[in-house]
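The listed protein sequences correspond, in order, to chains A and B.
Per the working numbering: the first sequence = residues 1 to 108.
Per the working numbering: the second sequence = residues 1 to 113.
For each residue, glycine too, the CB sits at the ideal point set by N, CA and C.
As the structure is a prediction and not an experimental result, all values here were calculated from the model.
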Amino acid sequence: GQSLEQPSEVTAVEGAIVQINCTYQTSGFYGLSWYQQHDGGAPTFLSYNALDGLEETGRFSSFLSRSDSYGYLLLQELQMKDSASYFCAVNNDYKLSFGAGTTVTVRA
Amino acid sequence: EADIYQTPRYLVIGTGKKITLECSQTMGHDKMYWYQQDPGMELHLIHYSYGVNSTEKGDLSSESTVSRIRTEHFPLTLESARPSHTSQYLCASSEDFVTDTQYFGPGTRLTVL
């Protein structure tokens, strides 16, 4: 089976940087994805890492270390609209297994 | 931008009723999924499909069924609804077998009384 661990919640102020860690255990691994979900909304895809290293997409970056079974999502220059839940997901056996999600609250 | 639709958006029904939640996508994606998500919690995979006439069970599949007769349509049926089925149901599709980037519909919020 698969298990993923990520912090349940993080609070930060506008303009700050937040790092959401994700550790995983899985019998097979193709890559690590990140999704954002606003309250009452549907998850939307943010990033995907298949290889070790950092992927940057605007204010958001994602990192993967396959040897450590670890990844993180970095949110920079936080804005109020970034208040949402963020899920890491392991791509395993051609389907995704999601973590429990991290609720990010951005304060003015 | 993904085009994936779910109906109804909200449904309140009594215990024991048979219900079908509809999901359609216009992108021609082969892979489709159903997830159950309680507020503030993780997504649990119920069923998925690799394409027409393909259906697979996920983690929470024992009380529901799906069909995939057409590429664009992937309905989920609960034969006998119970209060424990009260939750949000999310449908998703994917075209990329490598990254499995999934596009989600708006969800159906189900309440079983």
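Using a Cβ-Cβ cut-off of 9 Å, M41 (chain B) counts as an interface residue toward chain A, since at least one Cβ of chain A sits closer than that to its own. Taking the C-beta atoms as reference points, T99 (chain B) is found nearer than 9 Å to Y48 (chain A). For G28 (chain A), there are no neighbours in chain B by C-beta distance under 8 Å, as the nearest C-beta there is about 13 Å away. Scanning A:A89, A:S67, A:E14 for the CA closest to the CA of L73 (chain A) turns up A:A89. Per DSSP, L4 (chain A) is one residue of the beta strand (DSSP E) stretching across 3 to 5. When only Cα atoms are considered, D96 (chain B) and Y33 (chain B) end up about 13 Å apart. The Cβ atoms of G31 (chain A) and E77 (chain A) do not sit closer than 9 Å to each other. Here L54 (chain A) has S61, F63 as same chain residues with Cβ atoms under 7 Å from its own Cβ, once five neighbours each way along the sequence are excluded.
Counting of Cβ neighbours within 10 angstroms places P8 (chain B) among the exposed residues, the total staying below 16. The continuous beta strand (DSSP E) containing H47 (chain B) extends over residues 44 to 49.
Runs of beta strand (DSSP E) with 3 or more residues, each lying fully within the segment 11 to 53 of chain A, are found at 18 to 25, 31 to 37, 44 to 49, listed in chain order.
For the segment 49 to 64 of chain B, no residue has a beta-carbon sitting nearer than 7 Å to a beta-carbon of chain A. Taking a Cβ-Cβ cut-off of 9 Å, L54 (chain A) has no neighbours in chain B, whose nearest Cβ is about 17 Å from it.
Bridge partners of H73 (chain B) according to DSSP: B:S24, B:R70. The contact set of G71 (chain A) on chain B, defined by CB atoms closer than 8 Å, is empty, because the minimum CB distance reaches about 14 Å. Assignment of M80 (chain A) by DSSP, reduced to helix, strand and coil, places it in the helix class. Not one beta carbon of chain A lies nearer than 9 Å to the beta carbon of P8 (chain B).
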